[in-house]
Each structure stands twice: as C-alpha cells, then as structure tokens.
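Residue numbering for the sequence shown follows the numbering used here, beginning at 210 and increasing consecutively. As structure tokens, the structure follows; a few thoughts come after it.
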Amino acid sequence: MVISNNRLAYLYVLLGAALWGIIGLFIDALAQAGFTVFQIVTLRVASAAVMLTVFLAIKDVELLKIELKDSFSFIGTGIFSIVFFNWCYFTAIEEVSLSVAVILLYTGPAFVTILSWLLFKEPMTRRKIWALLLTLIGCALVIKVIPFADKQISLIGFLIGLGSGFGYALYSIFGKHALKKYSSLTVITYTFVFASAVLLPLSGITIEVSQLSSTKVWFHILGLGFFPTALAYMLYTVGLSMIESSRASITATIEPVVATLLGIYFFDEVLTYFQLSGMVLVLAAVVLIQLKKTKRHAIGR
Numbered sequence: 210m211v212i213s214n215n216r217l218a219y220l221y222v223l224l225g226a227a228l229w230g231i232i233g234l235f236i237d238a239l240a241q242a243g244f245t246v247f248q249i250v251t252l253r254v255a256s257a258a259v260m261l262t263v264f265l266a267i268k269d270v271e272l273l274k275i276e277l278k279d280s281f282s283f284i285g286t287g288i289f290s291i292v293f294f295n296w297c298y299f300t301a302i303e304e305v306s307l308s309v310a311v312i313l314l315y316t317g318p319a320f321v322t323i324l325s326w327l328l329f330k331e332p333m334t335r336r337k338i339w340a341l342l343l344t345l346i347g348c349a350l351v352i353k354v355i356p357f358a359d360k361q362i363s364l365i366g367f368l369i370g371l372g373s374g375f376g377y378a379l380y381s382i383f384g385k386h387a388l389k390k391y392s393s394l395t396v397i398t399y400t401f402v403f404a405s406a407v408l409l410p411l412s413g414i415t416i417e418v419s420q421l422s423s424t425k426v427w428f429h430i431l432g433l434g435f436f437p438t439a440l441a442y443m444l445y446t447v448g449l450s451m452i453e454s455s456r457a458s459i460t461a462t463i464e465p466v467v468a469t470l471l472g473i474y475f476f477d478e479v480l481t482y483f484q485l486s487g488m489v490l491v492l493a494a495v496v497l498i499q500l501k502k503t504k505r506h507a508i509g510r
C-alpha cells in the first residue's frame, strides 16, 4: 500500500471539516443571546453570502459571472443541499432526538458514495465500504448513541433524518458538477446566495434591534459566517475538486470528533471510553480512505 498522492486535497477537506466542527462555539453564544435555531441558520448563510460576494467583487468580479443555464448546479448546492438538509436536520431533532438526528445526518457519506458510483462512475471499492462502516459506527459512538435502540422512534422522524443525510450528500454531488466549469470561490458564493434567497423569506426571520446592539453578538455572527461556513466550505470544495466525492465525504466525518473535543475543552464535557473508541474508528476510516493499492479493484470486477 502507498499513501495517495493527493495529500493536499485531503488536508483541505480535513481542515474544512475541522472548521465545521467548531460551529457549536458560535451557535451556543448566539443562542444565549436570544436567537432561535432558524435565525442562527439564516444568519450563518446570509452573512457568508454577503462576505463572499463582497470579497469576489473586490478580488475578481469575473468570478461572479455565471451562465443562467448553470443555475441548476447552485440551486442544487444551495437549496437542495444547504436549505433542505438544515430543514430535515432540525425537524428530525424535534421528531426523534438530537443524537439519533446526528447519526442519521452522517449517513451522508454513504449517499455520496452511492450517487458518485451511479453518476460519476467512481469505483465502489471494498475499501470505501469498510471506511463507511467504520465511519457510521464511529460517529454513533462519538455522539453516544446506539442507533435505533429507542423503539419509540417514529417512521416520519427516521425518514426525515435520512433526508438530512441525503441533503448533506447533495452538496458534494452538485458541487462536483459545478466545479467542472467554475472555481471553488464561485461555487460556494452562489451556494450561499441561492440558499439565502430561500431562507430569508421562508424563515420569517425577525430580529429585534436590541439583539444586534452588542459588539460581541456581531463578532459571533461574522465568526459564524466566516470560519465554519465560508472558509470551511471553501476548503472542502477545493479538496472536492481534487479527489473523488466519496473520499472527500468520508474524510469530512472528522467533524464530530473535533466537535466532541471542543465540547470537552470549552464546556467541560466528559470523554467516555465509547467516545474515544468512536474517535479511533473515525480516524481509522479517514486514514483507510486515503490508502490505496498500486492496482485498485472495484467490487464486481
């Protein structure tokens, strides 16, 4: 076995996923300031859209030019993925529980692997399947849940939870397609522009002026829009442009590990042996997906 030559791509994906993992720090601060979950999601998407648009207008306005016929790709990343998976995710939390909703969200890599196999003809290797199994079990242990042990889980909640994983996966699928023609910056900018165009009117967001009067609140809003959103998606998308969608998605499951470690450091959460075991499995999956034999064999060949 040898390590994949695309080390830089995996590094980008890992850094992007690690930044996704710190989102809890900003969400917790904004929730304490009185913002609802959907207000926070809308602020996240809208602030990222504004920052990215301004940045591109200054850096290179040509990057803001897209053809109308290509809008479908950004409808896919922004609406079918960002908006849809957020709606499914938060609805699933209400229907089932946070822990079960999270593990259903992390079925995303499985959806990416299957869709990439069908749409992009990426090989369905045994290595990917093992990595997916390690990822699913590892994530379940990290978030301290035995999947489906609760017999009271509703079918609707389960299906909506799976919808969040499917929506989560669609970013990699539509993003991969858009990257064939546009730069990573263009892709993520229009992802959040299209998502904002839907979330702002549908979320019915109404924020009192008093909520925005604090410098600390603005710091967290801008931090949320930049670090775990604009910058994180930028890094992930750059990595996605260099490696297979399935490999990028599996590698990105480092996110819950980072989130758990931050919870221990900042919120005095206790790390259990189950969580530690889960982290090891997730890390093993990340390493496994980066290894390849000199001659790779797909299942069925």
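Cβ coordinates follow ideal geometry from the N, Cα and C atoms, glycine included.
Scanning the stretch 375-427 from its first residue to its last, the whole alpha helix (DSSP H) runs of 4-plus residues come out as 393-411. When C-beta atoms of the stretch 217-229 are compared with those of the stretch 267-280, fewer than three pairs fall below 8 Å, so the two segments do not count as touching.
Unbroken alpha helix (DSSP H) runs of no fewer than 4 residues, entirely contained in the stretch 435-488, are found at 441-449, 454-460, 464-476, following chain order. Apart from the 5 residues on each side of it in sequence, residue 230 sits with its Cβ closer than 6 Å to the Cβ of 464, 467, 468 in its chain, given in chain order.
Its chain contains 421 as the residues whose beta carbon lies nearer than 8 Å to that of residue 427, once the 5 sequence neighbours on both sides are disregarded; these appear in chain order. Along the stretch 303-366, the alpha helix (DSSP H) occurs as fully enclosed runs of 4 or more residues at 307-314, 317-328, 335-351, listed in sequence order. Between the stretch 335-342 and the stretch 396-403 there are fewer than three C-beta pairs closer than 8 Å, too few to call the two in contact. Residue 431 has no beta-bridge partner at all, per DSSP. Under the DSSP assignment, residue 239 falls in the alpha helix (DSSP H) whose first and last residues are 232-241. Residue 275 carries a coil assignment under DSSP once its states are collapsed to helix, strand and coil.
Residue 283 carries a helical assignment under DSSP once its states are collapsed to helix, strand and coil. Of the other Cβ atoms in all chains shown, 16 or more fall within 10 Å of the Cβ of residue 437; this residue is therefore buried.
With respect to residue 285, residue 461 sits apart: the two C-beta atoms are not nearer than 8 Å.
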